[in-house]
Every structure is written in structure tokens, then in C-alpha cells.
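**Q** From first to last, the protein sequence lines stand for chains F and A.
Going by the working numbering, 164 is the number at position 133 of the first sequence; the sequence numbering is gapless.
Going by the working numbering, 36 is the number at position 5 of the second sequence; the sequence numbering is gapless.
There are 2 protein chains.
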Amino acid sequence: MATGRTHRPATRSRGIPEATVARLPLYLRALTALSERSVPTVSSEELAAAAGVNSAKLRKDFSYLGSYGTRGVGYDVEYLVYQISRELGLTQDWPVVIVGIGNLGAALANYGGFASRGFRVAALIDADPSMAGKPVAGIPVQHTDDLEKIIDENGVSIGVIATPAGAAQQVCDRLVAAGVTSILNFAPTVLSVPDGVDVRKVDLSIELQILAFHEQRKAGEEASPDGSGPAAAPKDTSGQGPDGDVPAVMPA
Amino acid sequence: MATGRTHRPATRSRGIPEATVARLPLYLRALTALSERSVPTVSSEELAAAAGVNSAKLRKDFSYLGSYGTRGVGYDVEYLVYQISRELGLTQDWPVVIVGIGNLGAALANYGGFASRGFRVAALIDADPSMAGKPVAGIPVQHTDDLEKIIDENGVSIGVIATPAGAAQQVCDRLVAAGVTSILNFAPTVLSVPDGVDVRKVDLSIELQILAFHEQRKAGEEASPDGSGPAAAPKDTSGQGPDGDVPAVMPA
DNA sequence: ATGTCTTTGTGAACGCGTGCACAAAGATGG
DNA sequence: CCATCTTTGTGCACGCGTTCACAAAGACAT
Ligand SMILES: NC(=O)c1ccc[n+]([C@@H]2O[C@H](COP(=O)([O-])OP(=O)(O)OC[C@H]3O[C@@H](n4cnc5c(N)ncnc54)[C@H](O)[C@@H]3O)[C@@H](O)[C@H]2O)c1
Ligand SMILES: NC(=O)c1ccc[n+]([C@@H]2O[C@H](COP(=O)([O-])OP(=O)(O)OC[C@H]3O[C@@H](n4cnc5c(N)ncnc54)[C@H](O)[C@@H]3O)[C@@H](O)[C@H]2O)c1
Numbered sequence: 032m033a034t035g036r037t038h039r040p041a042t043r044s045r046g047i048p049e050a051t052v053a054r055l056p057l058y059l060r061a062l063t064a065l066s067e068r069s070v071p072t073v074s075s076e077e078l079a080a081a082a083g084v085n086s087a088k089l090r091k092d093f094s095y096l097g098s099y100g101t102r103g104v105g106y107d108v109e110y111l112v113y114q115i116s117r118e119l120g121l122t123q124d125w126p127v128v129i130v131g132i133g134n135l136g137a138a139l140a141n142y143g144g145f146a147s148r149g150f151r152v153a154a155l156i157d158a159d160p161s162m163a164g165k166p167v168a169g170i171p172v173q174h175t176d177d178l179e180k181i182i183d184e185n186g187v188s189i190g191v192i193a194t195p196a197g198a199a200q201q202v203c204d205r206l207v208a209a210g211v212t213s214i215l216n217f218a219p220t221v222l223s224v225p226d227g228v229d230v231r232k233v234d235l236s237i238e239l240q241i242l243a244f245h246e247q248r249k250a251g252e253e254a255s256p257d258g259s260g261p262a263a264a265p266k267d268t269s270g271q272g273p274d275g276d277v278p279a280v281m282p283a
Numbered sequence: 032m033a034t035g036r037t038h039r040p041a042t043r044s045r046g047i048p049e050a051t052v053a054r055l056p057l058y059l060r061a062l063t064a065l066s067e068r069s070v071p072t073v074s075s076e077e078l079a080a081a082a083g084v085n086s087a088k089l090r091k092d093f094s095y096l097g098s099y100g101t102r103g104v105g106y107d108v109e110y111l112v113y114q115i116s117r118e119l120g121l122t123q124d125w126p127v128v129i130v131g132i133g134n135l136g137a138a139l140a141n142y143g144g145f146a147s148r149g150f151r152v153a154a155l156i157d158a159d160p161s162m163a164g165k166p167v168a169g170i171p172v173q174h175t176d177d178l179e180k181i182i183d184e185n186g187v188s189i190g191v192i193a194t195p196a197g198a199a200q201q202v203c204d205r206l207v208a209a210g211v212t213s214i215l216n217f218a219p220t221v222l223s224v225p226d227g228v229d230v231r232k233v234d235l236s237i238e239l240q241i242l243a244f245h246e247q248r249k250a251g252e253e254a255s256p257d258g259s260g261p262a263a264a265p266k267d268t269s270g271q272g273p274d275g276d277v278p279a280v281m282p283a
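(1) Does chain A have any CB closer than 8 Å to the CB of L121 of chain F?
(2) Check N216 of chain F in the structure and name its three-state DSSP category.
(3) For G131 of chain A, count neighbouring C-beta atoms within 10 Å of its own C-beta (all shown protein chains included) and say buried if the count is 16 or more, exposed if not.
(4) I'd like to know if P48 of chain A contacts chain F, where contact means its C-beta is closer than 8 Å to some C-beta of that chain.
(5) Can you tell me the Cα-Cα spacing of T175 of chain A and A153 of chain A, whole angstroms?
(6) Below 8 Å on C-beta distance, what does I189 of chain A contact in chain F?
(7) How should T291 of chain A be labelled, buried or exposed, when 16 other C-beta atoms within 10 angstroms of its C-beta is the threshold for buried?
(8) Which first and last residues belong to the alpha helix (DSSP H) in which P56 of chain F is found?
(9) Ligand 2 heavy atoms versus the CB of D159 of chain A: any closer than 7 Å?
(10) Taking C-beta pairs closer than 7 Å, name the residues in chain A that V52 of chain F reaches, listed in chain order.
(11) Starting from A138 of chain A, find everything on chain F with Cβ-Cβ shorter than 9 Å and list it in chain order.
(12) Who are the Cβ neighbours of T194 of chain A in its own chain at under 7 Å, not counting the five residues just before and after it?
(13) Taking only beta-carbon atoms, is Y58 of chain A less than 8 Å away from chain F?
(14) I need the straight-line Cα distance from L139 of chain F to Q123 of chain F, nearest angstrom please.
(15) What does D229 of chain A touch in chain F if you count any residue whose Cβ is under 8 Å from its own?
(16) Strictly under 8 Å for the Cβ-Cβ distance: is P225 of chain A near chain F by that measure?
(17) Going by the beta-carbon positions, is the gap between L78 of chain F and A50 of chain F smaller than 8 Å?
(18) Here's the rule: buried if 16 or more other CB atoms are within 10 angstroms of the residue's CB, otherwise exposed. What is T101 of chain A?
(19) Per DSSP, which residues does L155 of chain A bridge with? Please list them.
(20) Kindly list, in the order they appear in chain A, the residues whose Cβ is closer than 8 Å to that of L215 of chain F.
(21) Please name the residue, chosen from F:G251, F:Q173, F:V108 and F:R90, that lies closest to D157 of chain F on a Cα-to-Cα basis.
(22) Tell me, please, which residues DSSP counts as bridged to K232 of chain A.
(23) Which residue comes first and which comes last in the beta strand (DSSP E) that contains D107 of chain F?
(24) In the DSSP assignment, what residue or residues form a beta bridge with I192 of chain A?
(25) Let me check one thing: in DSSP terms, what residues is F150 of chain A bridge-paired to?
(26) Interface residues of chain A around F93 of chain F at Cβ under 7 Å?
(27) Using a C-beta to C-beta distance shorter than 8 Å, which residues of chain F count as neighbours of P166 of chain A?
(28) At the 8 Å Cβ level, is G105 of chain A part of the contact set with chain F, yes or no?
(29) Can we count P195 of chain F as close to ligand 1, meaning its CB is less than 7 Å from some heavy atom?
(30) A82 of chain F touches chain A at which residues, Cβ-Cβ below 7 Å?
(31) Please work out which residues of its chain come closer than 8 Å, Cβ to Cβ, to K165 of chain F, disregarding the five sequence neighbours upstream and downstream, and give them in chain order.
(32) Determine the chain F residues that contact R148 of chain A at a beta-carbon separation under 9 Å, and present them in chain order.
(33) Would you call the CB atoms of Y106 of chain F and Y99 of chain F closer than 8 Å?
(34) Between the alpha carbons of V233 of chain F and N216 of chain A, how many angstroms are there, rounded?
(35) In its own chain, which residues sit with a C-beta less than 6 Å from the C-beta of E179 of chain A, not counting the 5 before and 5 after it?
(36) Tell me, please, which residues DSSP counts as bridged to G166 of chain F.
Here's what the structure looks like:
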């Protein structure tokens with residue numbers, strides 16, 4: 032049983048701040064688009080606009096990688112694409128397994144964005160015996176029994192979990208035991224992993240709830256200057272006013 | 032054409048920090064699980080462990096909502112579920128539209144996690160005429176032509192974009208013009224929206240690239256203590272060493 | 001009623017991330 | 001070769017988020 036910590040200790044990796052690492056893929060995407068249009072160089076201002084960030088932030092981010100720009104000119108697009116790709120480890124080929132080939136897992140398997148950047152779907156794994164052998168996105172689904180063998184034979188170090196929440200921790204434990212050290216989790220659960228294993232989660236429900244919070248705030252802040260606002264306010268299920276304070280009734 | 036800024040100005044909403052808001056759904060999930068097991072009260076230590084965060088952080092988070100705990104005892108589970116739900120706006124019913132009913136959009140439509148928390152799929156919208164009327168997850172797909180009408184009639188303020196990247200900005204503009212003020216974007220593009228509109232993005236490709244960065248770091252840090260490591264190292268496409276410095280060749 | 005024991009709520013310190021503003025670097029033109 | 005102009009790279013200040021550590025609050029037993 033994995034008893035590791037869950038929150039990552041913000042390991043200042045190689046002098047490159049975590050926040051910068053998270054933005055590098057954004058820059059890379061913008062640069063790739065420029066590259067396809069054969070744009071030779073780009074200024075920090077232009078690239079920042081394309082990536083949706085502050086230009087000073089972008090320059091500082093790049094300064095962690097080295098001095099790759101030319102003052103008075105900007106950055107060489109091709110060269111920067113290469114440097115960021117190398118920094119992110121995308122010059123390597125990363126075999127990935129997807130576990131749980133349901134609605135979401137199948138969509139992921141069909142997603143073209145994988146192969147475009149050094150990621151290769153090495154195998155699809157599901158616990159349902161009736162799915163074994165059936166091809167999804169051209170790849171035959173394999174049974175969970177062979178999980179360890181699949182990980183080992185393909186040299187997989189990145190796993191994607193798209194099983195129901197109840198199975199996620201168990202699947203995670205098996206992946207980690209088999210040698211996987213990076214996990215992308217789509218199941219709405221907190222995964223416990225040993226030190227040295229990275230977990231990132233994608234949680235649709237959380238994102239929606241955050242949006243709902245801000246949405247409620249927007250609706251509540253302007254008391255009611257106009258009845259026919261940008262969108263009709265959703266009906267309130269509770270009798271609670273939108274800006275009301277504590278109901279002042281403590282159950283216990 | 033929407034010419035707004037993209038990065039949110041970190042609007043310190045109602046005194047509640049953004050980082051806290053992002054964790055509230057996590058607490059709520061853990062509390063809901065406790066509630067279903069009829070656990071009456073929970074300490075900050077226990078709940079923090081369940082949510083995978085530091086207990087001091089959790090207490091400080093709750094302190095922004097008010098003093099809902101009892102010293103020496105902990106927090107009343109049911110009461111806290113209600114308070115957080117109310118704070119997040121989940122006591123209301125939020126109609127949501129999904130635009131782009133392909134692989135991903137269909138998976139999202141089939142996802143049960145929507146209805147579980149106040150979110151209701153009000154409509155599915157796609158540009159493909161051959162899909163119009165066809166039911167997905169029990170809901171008939173409607174054509175993009177009727178987008179504005181659908182938003183208006185259902186009082187939708189939250190939209191989910193699952194179209195190809197090329198169509199995302201255009202769809203976004205139409206949603207915003209029709210009154211949507213919160214957008215969850217699955218397409219790999221930076222969306223420009225006017226002030227007052229919130230955008231959150233879910234980007235599989237970025238998450239994988241961040242994992243790859245750390246994976247590369249792990250593999251490179253221990254020089255090579257063992258050839259048969261936890262997982263065989265993926266083959267290097269370039270001739271570049273994993274820890275190599277700049278190639279010292281500047282194209283331009 | 002009083003003491004003990006548990007757990008909350010928060011003051012304070014610290015570190016990270018962000019953005020301003022500017023000096024230095026280098027291209028470009030005369 | 002020199003002047004000018006553009007754009008990078010970064011020192012600095014500030015604010016947010018995290019964590020420690022502890023006093024205060026309240027439950028519970030006697
Ligand atoms: N569908 C979505 O849009 C969506 C969105 C966000 C999150 N999620 C989450 O993603 C996960 C999958 O969602 P889904 O809609 O694809 O569900 P699903 O039920 O369609 O698919 C789940 C799949 O996992 C397989 N499975 C179950 N236990 C397994 C195990 N122990 N090992 C291997 N495979 C196993 C099942 O056979 C099934 O094929 C869920 O946790 C869900 O909450 C889904
Ligand atoms: N499939 C995945 O797992 C996955 C993962 C991450 C990101 N994404 C992104 O999500 C988006 C959708 O992915 P997908 O695999 O479902 O693609 P898809 O091609 O299967 O589906 C796209 C759907 O959008 C519709 N569409 C196109 N233009 C439209 C428009 N202007 N208005 C309304 N609908 C329109 C198409 O008719 C199609 O049904 C893409 O941007 C993709 O990059 C997908």
C-alpha cells in the first residue's frame with residue numbers, strides 16, 4: 032500500500048521555477064504555430080501576446096533557460112522551439128498507457144494531440160474482459176491482468192488513469208509498483224503515491240465549481256441594476272439570498 | 032471581435048483568496064464522502080489528510096468562510112457541506128451548454144459528474160448538420176445556428192468548448208456575445224475574452240509535457256546507477272545527452 | 001465549579017511569483 | 001566608426017500563498 036504524501040514539495044527542479052515549467056508548453060505551442068508560418072524571429076512582446084502572458088514574465092521565463100534572444104531583434108523561432116522541446120524532454124519518445132477505456136479513455140485514445148509531441152499511446156488497458164482484444168483508435172485493448180508486463184515491456188513511465196474513482200487508487204498502486212513514475216489522473220480522487228512519483232490531476236468537476244463561484248459572485252455583486260442582464264439568473268434552489276450572511280443556525 | 036485581456040487579474044473576490052476557492056471543491060468532495068458514511072464530525076487533521084493538504088492550510092481556508100468549527104471537537108460535517116456548497120454557489124442550479132460534440136464532447140455529455148453537483152447539461156451544440164437531432168446521452172444535439180437562442184432561452188451562463196482548436200475562438204465569441212460569462216475550454220488555444228468573463232482551460236497536452244519535464248529530470252539526475260531502472264529509459268530521438276548543455280550552435 | 005485536554009483560529013515569518021522599469025547589448029543606418 | 005533605435009535580460013519591490021507555532025476556546029471528566 033502506498034503511503035506517500037500527496038502534495039508535491041514544489042521541488043525547484045533545476046533552477047527552473049515550477050510556474051515557468053507550466054508555461055513552457057504554452058510558449059511552445061505559440062512558437063510552433065509561428066514556425067509553421069515560417070516566421071523567422073519573434074519579439075517577446077509578440078510571443079507574449081500569442082501566449083496570453085505578460086512580456087516581462089515571458090522574458091524572465093526564458094532567462095532561466097539561458098540567453099537565447101538577440102537584443103534589438105527578438106528570438107529565433109526555430110532555435111527556441113528546439114530549446115524548449117529539449118528542456119521539456121520532448122526530443123525523447125514517451126510511451127504512455129491509458130487505463131480505463133470507457134467514455135473518456137476512448138476519447139483520449141482517439142485524441143491526436145498525443146502523437147504530435149513525442150507522446151505515443153503504447154497500450155490501452157481495461158478491467159472489462161469483454162473489451163479485451165477489441166480495437167479502440169486502432170489499438171487493441173488489453174486486460175488489466177497484463178498491466179505489469181505491458182509497463183515493463185514497453186518501458187512506460189507515464190500512465191493515464193481514466194477509471195471510475197473507486198478503482199483509481201488501486202490502479203495507481205499497480206502502475207507505481209510496475210515502474211510508472213508519472214501519473215495523469217482524470218478520476219475525481221486524491222491519489223496517494225510514494226515520494227519520487229509525480230501526479231497531476233484533471234478534474235472537470237472542480238473547474239466547473241470554481242467557475243460557479245465566480246459566476247455567483249458576479250451575479251451577486253451588482254445588486255440588481257437591470258432585470259434583463261447578460262443572462263437570466265438561474266433559479267435559486269434554496270431560500271437563501273445570493274449575498275446573504277450566515278443563516279445563524281448551527282445544527283450541532 | 033473580442034479584444035479583452037486573457038489572464039485574470041486575480042480578483043480577490045470577497046476576501047476569499049483564489050487559491051482557497053480552488054481547494055473548496057476538494058474539501059467538499061471529502062466531506063460528502065464522510066457524510067455518506069454518516070460521520071458526524073471531523074477534525075482539521077483528518078479532513079486535511081483526506082483532501083491531501085496541510086491541516087493549517089485547511090483551517091486557514093475555512094477561516095475565510097467564518098468560524099464554523101468547534102474547538103476540541105472539529106467541524107460538523109453536514110453543516111460544513113452546506114456552507115461550502117453555498118459559498119461555491121452549488122445551492123443553485125447551473126445550466127451548462129457543451130459546444131462541439133465529438134469524441135470529447137460526447138464523453139463529457141455522458142459524464143455523470145455534472146448532475147451530481149448542481150450542474151445540468153441544458154443543451155449540446157455542434158456545427159455538423161448531420162448530427163442535428165441525434166441524441167447523445169439522451170439529449171438531442173442542436174445546430175450551431177441556434178446557439179444564441181439556446182443560451183437565451185435556458186438562461187445559460189456557463190459554456191464548455193470542446194471543438195477543434197481552430198473553431199474555439201469563434202465559438203467563444205458567440206457564446207460571450209450571447210451572454211455566457213464563464214467558459215471551460217478544452218481546445219488547445221488561448222482564448223481572448225472581454226473583462227468580466229472567466230475562462231478556465233483543461234489542457235491534456237500541457238499536463239503531459241509538465242510530467243515529461245519532471246520525468247526527464249528524474250532520469251537525468253541520477254547519472255545512471257542502474258541500467259535496469261524502475262522503467263527502461265525511452266530511446267532518445269536526438270543525439271543530445273539527457274543532461275547536456277546548450278549545443279552551442281546558434282542558427283541565426 | 002474547576003481543571004485538563006483537545007483542537008480551532010490566527011499572528012507572524014518566509015518564500016515564490018509577478019510586473020515595473022531600466023541599463024546593457026546589439027542591430028541598423030549614415 | 002559613430003549615433004540611434006529596438007529589444008533583451010534582470011534588479012527590485014510588492015503581494016499572495018504557505019507553514020509554523022501558540023494562545024484561546026470549549027468539551028468533558030471529576
Ligand atoms: N467522461 C467524462 O467526460 C469525464 C470527465 C471528467 C472526469 N471523468 C472521470 O473519468 C473516469 C472515467 O470516466 P468515464 O466516463 O470514461 O467512465 P466509464 O464508466 O465510461 O469508463 C470507465 C472504464 O474503466 C474501466 N475500469 C473499471 N475498473 C477498472 C480497473 N480496476 N482497471 C482498469 N479499468 C477499469 C471500466 O471497464 C470502463 O471501461 C471517471 O472517474 C470519471 O469520474 C470523466
Ligand atoms: N479527445 C480528447 O481526449 C481530447 C483531449 C484533450 C483536448 N482535446 C481537444 O478537445 C477538442 C475536441 O476534441 P475531439 O477529440 O472531441 O475532436 P472531434 O473532432 O472528435 O470533435 C470536434 C467536434 O466539434 C464540432 N465542431 C467543429 N467546429 C465547430 C463549430 N464551429 N461549432 C460547433 N461545433 C464544431 C465537430 O463537428 C465535431 O463534432 C479539440 O480541440 C481537442 O484538441 C481533446
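From the three backbone atoms N, C-alpha and C, an ideal C-beta is built for every residue, glycine too.
Just so you know, these numbers come straight off a predicted model, no measurement behind them.
**A** Taking the structure as given:
(1) For the purposes of this step, residue 121 of chain F is identified with residue 90 of the first sequence, where counting begins at 1. Chain A contact via Cβ: present.
(2) Taking the first residue of the first sequence as position 1, residue 216 of chain F is located at position 185. The answer is strand: DSSP assigns N216 of chain F an E or B state.
(3) Position 100 of the second sequence holds residue 131 of chain A. G131 of chain A sits buried, since 16 or more C-beta atoms from the chains shown fall within 10 Å of its C-beta.
(4) Along the second sequence, one-based indexing puts residue 48 of chain A at 17. Not closer than 8 Å to any Cβ of chain F, the Cβ of P48 of chain A fails to qualify, so no.
(5) Translated into the one-based positions of the second sequence, residue 175 of chain A becomes position 144. Translated into the one-based positions of the second sequence, residue 153 of chain A becomes position 122. For T175 of chain A and A153 of chain A, the distance between alpha carbons rounds to 14 Å.
(6) Along the second sequence, read from residue 1 onward, the residue named residue 189 of chain A stands at position 158. Going along chain F in sequence order, the residues near I189 of chain A (Cβ under 8 Å) are L239, L242, A243 and E246.
(7) Given a span of 32 to 283 for chain A in the structure shown, any question on residue 291 of chain A remains unanswerable.
(8) Numbered from its first residue, the first sequence carries residue 56 of chain F at position 25. Per DSSP, P56 of chain F is one residue of the alpha helix (DSSP H) stretching across E49 to E67.
(9) Working through the second sequence from its first residue, we reach residue 159 of chain A at position 128. D159 of chain A Cβ: within cutoff of ligand 2.
(10) For the purposes of this step, residue 52 of chain F is taken as residue 21 along the first sequence, with counting starting at 1. Contact annotation for V52 of chain F against chain A: I241 and F244 [CB-CB distance below 7 Å, chain order].
(11) To locate residue 138 of chain A, count along the second sequence from 1; it is residue 107. Under the 9 Å cutoff, chain F gives G133, N134, L135, G136, A137, A138 and L139.
(12) On the second sequence, position 163 is the one that residue 194 of chain A refers to. Contacts found: V130, G131, V202 and A218.
(13) Residue 58 of chain A sits at position 27 when you count from the first residue of the second sequence. Interface criterion not met: the Cβ of Y58 of chain A is under 8 Å from no Cβ in chain F.
(14) Position 108 of the first sequence holds residue 139 of chain F. Position 92 of the first sequence holds residue 123 of chain F. L139 of chain F and Q123 of chain F have their C-alpha atoms roughly 21 Å apart.
(15) One-based indexing of the second sequence puts residue 229 of chain A at position 198. Simply L242, H245 and E246.
(16) Taking the second sequence and counting its residues from 1, the one referred to as residue 225 of chain A is at position 194. The Cβ of P225 of chain A sits no closer than 8 Å to any Cβ of chain F.
(17) On the first sequence, residue 78 of chain F is found 47 positions in, with the first residue counted as 1. On the first sequence, residue 50 of chain F is found 19 positions in, with the first residue counted as 1. Taking C-beta atoms as the reference points, L78 of chain F and A50 of chain F fail to come closer than 8 Å.
(18) To locate residue 101 of chain A, count along the second sequence from 1; it is residue 70. With fewer than 16 other Cβ atoms within 10 Å, it is exposed.
(19) Taking the second sequence and counting its residues from 1, one reaches residue 155 of chain A at position 124. DSSP lists A:I129 and A:V172 as partners of L155 of chain A.
(20) Within the first sequence, numbered from 1, the residue matching residue 215 of chain F stands at position 184. Neighbours of L215 of chain F on chain A, chain order: L235, E238, L239 and L242.
(21) On the first sequence, residue 157 of chain F is found 126 positions in, with the first residue counted as 1. F:Q173 is the residue among F:G251, F:Q173, F:V108 and F:R90 whose C-alpha sits nearest the C-alpha of D157 of chain F.
(22) Within the second sequence, residue 232 of chain A is the residue found at index 201, counting from 1. BP columns for K232 of chain A point to A:N216.
(23) Within the first sequence, numbered from 1, the residue matching residue 107 of chain F stands at position 76. DSSP places D107 of chain F inside the beta strand (DSSP E), whose first and last residues are G105 to D107.
(24) Sequence index remark: in the second sequence, residue 192 of chain A carries index 161 (1-based). I192 of chain A is bridged to A:V130 and A:N216.
(25) By 1-based counting over the second sequence, the position of residue 150 of chain A is 119. Note: F150 of chain A is bridge-paired with A:W125 in the DSSP secondary-structure output.
(26) Within the first sequence, the letter at position 62 stands for residue 93 of chain F. Per Cβ cutoff of 7 Å: no residues; F93 of chain F is ~13 Å from chain A at best.
(27) Here residue 166 of chain A refers to the residue found at position 135 of the second sequence. Near P166 of chain A there are no residues of chain F at all, since even the closest Cβ is about 15 Å away, more than 8 Å.
(28) Taking the second sequence and counting its residues from 1, the one referred to as residue 105 of chain A is at position 74. Cβ-Cβ to chain F under 8 Å: no for G105 of chain A.
(29) What you label residue 195 of chain F is simply residue 164 of the first sequence in a count that begins at 1. P195 of chain F: yes, Cβ under 7 Å from ligand 1.
(30) Taking the first residue of the first sequence as 1, we reach residue 82 of chain F at position 51. V221, listed in chain order.
(31) For the purposes of this step, residue 165 of chain F is taken as the residue at position 134 of the first sequence. Excluding sequence neighbours, K165 of chain F sits near P171 and V172.
(32) Within the second sequence, numbered from 1, the residue matching residue 148 of chain A stands at position 117. R148 of chain A reaches chain F at S236, L239, Q240 and A243, counting residues in chain order whose Cβ is nearer than 9 Å.
(33) Numbered from its first residue, the first sequence carries residue 106 of chain F at position 75. Numbered from its first residue, the first sequence carries residue 99 of chain F at position 68. Going by beta carbons, Y106 of chain F and Y99 of chain F fall inside the 8 Å limit.
(34) Residue mapping note: residue 233 of chain F aligns to position 202 of the first sequence, counting from 1. Residue mapping note: residue 216 of chain A aligns to position 185 of the second sequence, counting from 1. For V233 of chain F and N216 of chain A, the gap between their C-alpha atoms comes out near 13 Å.
(35) Stepping through the second sequence from its first residue, residue 179 of chain A is reached at position 148. Around E179 of chain A: A209.
(36) On the first sequence, residue 166 of chain F is found 135 positions in, with the first residue counted as 1. Before going on, a small fix: residue 166 of chain F reads as Pro here, not Gly. For P166 of chain F, which the question treats as bridged, DSSP gives the partners F:P171.
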